[in-house]
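Some notes on the structure that comes next.
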Amino acid sequence: MEEKKILLCCGMGMSSGFLATSARKAAKKEKLPYKIEARSEAEVEQYINSIDCLLVGPHYANKVPAFKEMAKETKTVIEVIPEDIYGSLDGKSLLKMIKKMLSE
1 MEEKKILLCC GMGMSSGFLA TSARKAAKKE KLPYKIEARS EAEVEQYINS IDCLLVGPHY
61 ANKVPAFKEM AKETKTVIEV IPEDIYGSLD GKSLLKMIKK MLSE
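When we follow UniProt numbering, the leftmost residue of the sequence shown carries the number 1, and every step to the right adds one.
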């Protein structure tokens, strides 16, 4: 299986950074070739063409249409991270969500 690149974004990349770390640990346990990183929402445009999946913090849900417009020439899957997963930094649940998104 080829490596999948997943980007999480929030305001400054801090909260999403903690969640990305948790999701990386869960992916490593399952031996999944996922590269999970976090960035600020201001950096998304730099990465949008080189990622498979963009997950947006719930407080930036209003940015999703703009991100989808940026990604219209790509196959990047874009979703909002549910508040319960984001708030609890639940990497295992986020990984489950990522696997489902990438399989559709």
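Where is the CB? At the ideal position from N, CA and C, for every residue including glycine.
These numbers were taken from a predicted model, which means no experiment stands behind them.
Would you decide whether Ile61 is buried or exposed? Buried here means 16 or more other CB atoms lie within 10 Å of its CB. Position check: residue 61 holds Ala in this sequence, whereas Ile was assumed. Exposed: under 16 other Cβ atoms inside 10 Å.
Hey, could you find the ends of the beta strand (DSSP E) Tyr34 is sitting in? 34 to 40
Using 8 Å as the threshold, is the C-beta distance between Ala26 and Lys92 below it? yes
Assuming Met97 contacts Val77 (C-beta within less than 8 Å), just tell me the rounded distance between them. With 8 Å as the limit, Met97 and Val77 do not qualify as a contact, their Cβ atoms being about 11 Å apart.
Opposing strand residues paired with Ile78 [DSSP bridges]: Leu54
According to the Cβ coordinates, are Val80 and Val44 closer than 8 Å? no
Leu8, enclosing beta strand (DSSP E) - first and last residue: 4 to 10
Could you spell out the range, first to last residue, of the alpha helix (DSSP H) harbouring Met101? 91 to 103
So, helix, strand or coil for Lys31, using DSSP? coil
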